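Using our numbering, you'd call the opening residue of the sequence shown number 402 and step up by one each time. Below: one structure, written as C-alpha cells.
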Amino acid sequence: MSGTIKSLFSLMCCLLIITEVSSQSTICNYKYRKRISFNPAQVAGPIDLTNFPAMIKITADNDLRTVADGGT
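See below:
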C-alpha cells in the first residue's frame, strides 16, 4: 500500500512540475524572457502589493533588441 502511495505522490509531483513549466512557456510565444524585480524600499505602503501598475523604464540593455533594423 505504501509503495502505491509513494508512486502516486511521485507521479502527482511530476505532473505539477510539468504543468508549471508548460504554463510559463505558453503565456506568450516569446523565446526569451527577463526577470523584473522591484526594490521593496522603493515601493510605498506598509503591505505587500499584488496586481499593481508599474512603469518599467529600460535605459540600456544589451539583451533587448529589435528585429526591424536587423537586430542591432
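Don't be surprised by glycine CBs; every beta carbon is placed ideally from N, CA and C. Only a predicted model underlies this, so the values are computations on that prediction, with no experimental measurement involved.
message = Going by C-alpha to C-alpha distance, which of Lys435, Gly446, Gly404 sits closest to Asp475?
response = Any property of residue 475 remains undetermined from this structure, which presents the chain solely from 402 to 473.
task = Using three-state DSSP, classify Ser438 as helix, strand or coil.
result = Residue mapping note: residue 438 aligns to position 37 of the sequence shown, counting from 1. The answer is coil: DSSP assigns Ser438 none of H, G, I, E or B.
ask   = Pick from Met456, Lys432, Ile406: whose alpha carbon is nearest that of Phe439?
value = Numbered from its first residue, the sequence shown carries residue 439 at position 38. In terms of CA proximity to Phe439, Met456 leads the group Met456, Lys432, Ile406.
query = If you compare alpha carbons, which of Gly446, Leu417, Leu416, Asp462 is closest to Ile437?
reply = Here residue 437 refers to the residue found at position 36 when the sequence shown is read from its first residue. Nearest of Gly446, Leu417, Leu416, Asp462 to Ile437, Cα basis: Asp462.
task = From the DSSP output, in three-state form, read off Phe453 for me.
result = Numbered from its first residue, the sequence shown carries residue 453 at position 52. Coil.
ask   = In three-state DSSP terms, what is Lys407?
value = The sequence position of residue 407 within the sequence shown is 6, counting from 1. Looking at Lys407 - three-state DSSP - the assignment turns out to be helix.
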